[in-house]
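Peer 1: Sending over a structure as structure tokens; questions will come in a sec.
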Amino acid sequence: MEPAHYSDCHPCQVELEQVLGLGVAPSRIIFANPYKAISHLQYAARHGVQLLTFDSEEELTKVAQHHPKARLVLRLRTKDKESIFPLSDKFGASLEVCEHLLKSARDLGLTVVGNSFHVGSDCKNPQNFTQAIADCRRIFEMGRGLGHDMNLLDIGGGFPGVEGSEPEVSQPGLQDRDFPEGTGVEVIAEPGCFYVASACTAAVNIIAKKAVLEPGGCARPGQGHRKLLYYLNEGHYGIFRIFLRDPVPRKPIVVKKLCSEEPIFPCILYGPTCDAGDKLFMEEVQLPELDVGDWLIFPSMGAYTSVMSSTFNGFLPAAICYTMGPELRCLPGRALTTKSCGLSSGVPWCSINTLLPTLAPAEL
1 MEPAHYSDCH
11 PCQVELEQVL
21 GLGVAPSRII
31 FANPYKAISH
41 LQYAARHGVQ
51 LLTFDSEEEL
61 TKVAQHHPKA
71 RLVLRLRTKD
81 KESIFPLSDK
91 FGASLEVCEH
101 LLKSARDLGL
111 TVVGNSFHVG
121 SDCKNPQNFT
131 QAIADCRRIF
141 EMGRGLGHDM
151 NLLDIGGGFP
161 GVEGSEPEVS
171 QPGLQDRDFP
181 EGTGVEVIAE
191 PGCFYVASAC
201 TAAVNIIAKK
211 AVLEPGGCAR
221 PGQGHRKLLY
231 YLNEGHYGIF
241 RIFLRDPVPR
251 KPIVVKKLCS
261 EEPIFPCILY
271 GPTCDAGDKL
281 FMEEVQLPEL
291 DVGDWLIFPS
301 MGAYTSVMSS
311 TFNGFLPAAI
321 CYTMGPELRC
331 LPGRALTTKS
341 CGLSSGVPWC
351 SINTLLPTLA
361 PAEL
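Laid out in structure tokens, this is it:
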């Protein structure tokens, strides 16, 4: 089993253009979306991008017409229900139909060079990798038996990027049992979330608050019978869209000096839009009583955040700031100090966030 380095362009022609524009050789690019527009196939063919994934007979017919020199990778459907973003309902061929697809590719004069799978983003069960790799070994045998030169294995993504959430994957089983050394198989992966999740930290501001009575509760300040509603300057329609998929709410860091015995309250964190469903979590989180102007910090916000945000209700996308020490520097170069941003609690910014960059909502 040999490690290899490829650039994965999954969705569309735009990513192909970006990667080619960076000088990446077409031979090092895999167009990993199993369903491609005809114009995107033609673009890949014109620019020498030959590695393409597929998972259906219909896609094979399209490739034969518009990119007959492609080197194809058959995508396998996997178990992924325990992942934050399961993908197998939309992508992948079941093991039972793979031999038929390999025969169809051969009959169309197409070349299949490998196999791929994806266990879903942020996979929680490492056994899903183990089973998928074993299934790929069977597909390799099918393909080679049909005359395909199978030499590439793409194990996809699914590697968590949040510290402490990594599954323990046993590598010896992968190497020794299914793809032992010396078989000439190149192995590639798509560890995007693993690389970028910890690259960004989100800083959000409390723009409003409301205390509501729980049934049988007491409204007196300092008592633990109230529910607190915090309204933030960023929410579900911004960088926190992914949070509603998290089974366990991520508890934010409070940027404020608190007493050691500060009372804790059930809280709901709402976003700024007019949608009542605009909240960070489906469940309540436990937080102390905070004030308008206080800040909450969410680490590991580099994956599936800013790329999924919108301008719903006219709220601007989060600004991307680079921080080192007590200074925030907003792109394209506007310098902000912790004081001017409202981080005047006495907690040094560098002690909260040493990651680059920081996503700070544009409207405070």
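Read the sequence shown against full-length UniProt numbering and you will find it ends at 364, with the numbers running on by one and no gaps.
Even glycine gets a Cβ: it sits at the ideal position worked out from N, Cα and C.
These numbers were taken from a predicted model, which means no experiment stands behind them.
Which residue from Y231, I139 and K210 puts its Cα closest to that of V204?
Peer 2: Position 204 of the sequence shown, counting from 1, holds the residue named residue 204. The candidate whose alpha carbon is nearest that of V204 is Y231.
Peer 1: For the candidate residues G158, H47 and L60, whose alpha-carbon lies nearest to that of F85?
Peer 2: On the sequence shown, residue 85 is found 85 positions in, with the first residue counted as 1. The shortest C-alpha separation from F85 is found at G158.
Peer 1: Pick out whichever of E141, K36 and G238 has its Cα sitting closest to the Cα of I320.
Peer 2: Within the sequence shown, the letter at position 320 stands for residue 320. With distances taken between Cα atoms, I320 lies closest to G238.
Peer 1: Whole-angstrom Cβ separation of D89 and C193, contact assumed at under 8 angstroms?
Peer 2: For the purposes of this step, residue 89 is taken as residue 89 along the sequence shown, with counting starting at 1. For the purposes of this step, residue 193 is taken as residue 193 along the sequence shown, with counting starting at 1. The Cβ separation is near 19 angstroms, so there is no contact.
Peer 1: Over what stretch of residues does the alpha helix (DSSP H) that includes L20 continue unbroken?
Peer 2: Stepping through the sequence shown from its first residue, residue 20 is reached at position 20. Per DSSP, L20 belongs to the alpha helix (DSSP H) from Q13 to G21.
Peer 1: Using 8 angstroms as the cut-off, can you tell me whether the region 295 to 312 makes contact with the region 184 to 203, which would need three or more C-beta pairs spanning the two stretches below that distance?
Peer 2: Touching, yes.
Peer 1: Cβ atoms of V187 and L213: under 7 angstroms apart, would you say?
Peer 2: Start at 1 with the first residue of the sequence shown, and residue 213 comes out as number 213. Start at 1 with the first residue of the sequence shown, and residue 187 comes out as number 187. Not a contact, by the Cβ cut-off of 7 angstroms.
Peer 1: If you run the structure through DSSP and keep just helix, strand and coil, what is Y270?
Peer 2: What you label residue 270 is simply residue 270 of the sequence shown in a count that begins at 1. It is a strand residue.
Peer 1: Straight-line CA distance for I155 to N33?
Peer 2: Taking the sequence shown and counting its residues from 1, the one referred to as residue 155 is at position 155. Taking the sequence shown and counting its residues from 1, the one referred to as residue 33 is at position 33. Answer to the nearest angstrom: the Cα atoms are 14 angstroms apart.
Peer 1: Pull the bridge partners of L74 from the DSSP assignment, please.
Peer 2: For the purposes of this step, residue 74 is taken as the residue at position 74 of the sequence shown. Answer by DSSP bridge pairing, in chain order: F54 and N115.
Peer 1: Apart from the five residues on each side of it in sequence, which residues of its chain come closer than 6 angstroms, Cβ to Cβ, to L331?
Peer 2: If you number the sequence shown from 1, residue 331 lands on position 331. Residue confidence for L331 is low, a pLDDT of 46 falling below 50, so the modelled location carries little weight; the figure read from the coordinates is stated next. I320, listed in sequence order.
Peer 1: Alpha carbon to alpha carbon, how far is P160 from V113? Give it in angstroms, no decimals.
Peer 2: Residue 113 sits at position 113 when you count from the first residue of the sequence shown. Residue 160 sits at position 160 when you count from the first residue of the sequence shown. Roughly 28 angstroms separates the two Cα atoms.
Peer 1: Could you check how far apart the C-beta atoms of residue 373 and S198 are, in whole angstroms? I think they sit under 8 angstroms.
Peer 2: Nothing can be reported for residue 373, as the shown portion of the chain is limited to 1 through 364.
Peer 1: Which same chain residues end up closer than 7 angstroms to V14 when comparing Cβ atoms and leaving out the 5 residues on each side of it in sequence?
Peer 2: Start at 1 with the first residue of the sequence shown, and residue 14 comes out as number 14. Answer for V14: no residue qualifies.
Peer 1: Is the separation between the beta-carbon of residue 404 and that of E284 shorter than 7 angstroms?
Peer 2: Here the chain comprises residues numbered 1 to 364, so residue 404 is not present and cannot be evaluated.
Peer 1: Hey, how far is the Cα of K79 from the Cα of V119?
Peer 2: Counting from one through the sequence shown, the residue named residue 79 turns up at place 79. Counting from one through the sequence shown, the residue named residue 119 turns up at place 119. If I take the Cα positions, the gap works out to 6 angstroms.
Peer 1: How far does the alpha helix (DSSP H) with D135 in it extend, from its first residue to its last?
Peer 2: The residue given as residue 135 occupies position 135 in the sequence shown. Q127 to G145 is the extent of the alpha helix (DSSP H) around D135.
Peer 1: Over what stretch of residues does the alpha helix (DSSP H) that includes R106 continue unbroken?
Peer 2: Residue numbering aside, residue 106 sits at position 106 when the sequence shown is read from its first letter. L95 to D107 is the extent of the alpha helix (DSSP H) around R106.
Peer 1: Should E59 be labelled buried (16 or more other beta-carbon atoms within 10 Å of its own) or exposed?
Peer 2: Taking the first residue of the sequence shown as 1, we reach residue 59 at position 59. Answer is buried; the Cβ neighbour count reaches 16.
Peer 1: Classify S306 as helix, strand or coil using the three-state DSSP reduction.
Peer 2: Translated into the one-based positions of the sequence shown, residue 306 becomes position 306. In this structure, S306 counts as helix in the three-state DSSP scheme.
Peer 1: Is the separation between the beta-carbon of E82 and that of N125 shorter than 7 angstroms?
Peer 2: In the sequence shown, the residue the question calls residue 82 occupies position 82. In the sequence shown, the residue the question calls residue 125 occupies position 125. Closer than 7 angstroms, so yes.
Peer 1: Can you tell me where the alpha helix (DSSP H) with Y195 in it begins and where it stops?
Peer 2: If you number the sequence shown from 1, residue 195 lands on position 195. Note, Y195: alpha helix (DSSP H), G192 to V196.
Peer 1: DSSP on A45, reduced to helix/strand/coil?
Peer 2: What you label residue 45 is simply residue 45 of the sequence shown in a count that begins at 1. Correct three-state label for A45: helix.
Peer 1: Just grab the DSSP bridge partners of N33 for me.
Peer 2: If you number the sequence shown from 1, residue 33 lands on position 33. Answer by DSSP bridge pairing: none, since N33 is not bridged.
Peer 1: Determine the direct distance from the alpha carbon of P252 to that of S39, and round the result to whole angstroms.
Peer 2: As a first step, residue 39 must be located in the sequence shown, where it is residue number 39. As a first step, residue 252 must be located in the sequence shown, where it is residue number 252. Between S39 and P252, the C-alpha separation is close to 44 angstroms.
Peer 1: Could you give the DSSP three-state label for N313: helix, strand or coil?
Peer 2: By 1-based counting over the sequence shown, the position of residue 313 is 313. The answer is helix: DSSP assigns N313 an H, G or I state.
Peer 1: From N151 to L52, what does the alpha carbon distance come to, in whole angstroms?
Peer 2: Reading the sequence shown from its first residue, position 151 is the one you call residue 151. Reading the sequence shown from its first residue, position 52 is the one you call residue 52. The straight-line gap from Cα to Cα measures roughly 14 angstroms.
Peer 1: If you draw a straight line from the alpha carbon of G314 to that of C274, how long is it in whole angstroms?
Peer 2: As a first step, residue 314 is located in the sequence shown; it is residue number 314 there, counting from the start. As a first step, residue 274 is located in the sequence shown; it is residue number 274 there, counting from the start. The straight-line gap from Cα to Cα measures roughly 11 angstroms.
Peer 1: Relative to the C-alpha of L146, which candidate in G109, S94, F243 and Q65 has its C-alpha closest?
Peer 2: The sequence position of residue 146 within the sequence shown is 146, counting from 1. Per the Cα distances, G109.
Peer 1: Measuring alpha carbon to alpha carbon, tell me which residue in H148, N115 and R144 is nearest A134.
Peer 2: Taking the sequence shown and counting its residues from 1, the one referred to as residue 134 is at position 134. It is N115.
Peer 1: Can you give the Cα-Cα distance for I207 and A189, rounded to whole angstroms?
Peer 2: Residue numbering aside, residue 207 sits at position 207 when the sequence shown is read from its first letter. Residue numbering aside, residue 189 sits at position 189 when the sequence shown is read from its first letter. The straight-line gap separating the alpha-carbon atoms of I207 and A189 is approximately 42 angstroms.
Peer 1: If you draw a straight line from the alpha carbon of T130 to that of L95, how long is it in whole angstroms?
Peer 2: Counting from 1 along the sequence shown, the entry for residue 130 is found at position 130. Counting from 1 along the sequence shown, the entry for residue 95 is found at position 95. Near 15 angstroms, if we compare the C-alpha coordinates of L95 and T130.
Peer 1: N128 to L76, Cα distance in whole Å?
Peer 2: Your numbering for residue 128 matches position 128 in the sequence shown. Your numbering for residue 76 matches position 76 in the sequence shown. Straight-line Cα distance between these residues: approximately 12 angstroms.
Peer 1: CA-CA distance, F281 and S260?
Peer 2: Translated into the one-based positions of the sequence shown, residue 281 becomes position 281. Translated into the one-based positions of the sequence shown, residue 260 becomes position 260. Distance between the alpha carbons of F281 and S260: 26 angstroms.
Peer 1: Classify L331 as helix, strand or coil using the three-state DSSP reduction.
Peer 2: Reading the sequence shown from its first residue, position 331 is the one you call residue 331. Unreliable placement is indicated for L331, whose pLDDT of 46 sits below 50; the coordinate value is still reported in the next sentence. Note: L331 maps to coil in three-state DSSP.
Peer 1: In its own chain, which residues sit with a C-beta less than 6 angstroms from the C-beta of R245, not counting the 5 before and 5 after it?
Peer 2: Mapped onto the sequence shown, residue 245 falls at position 245. Excluding positions up to five away in sequence, the list reads I84.
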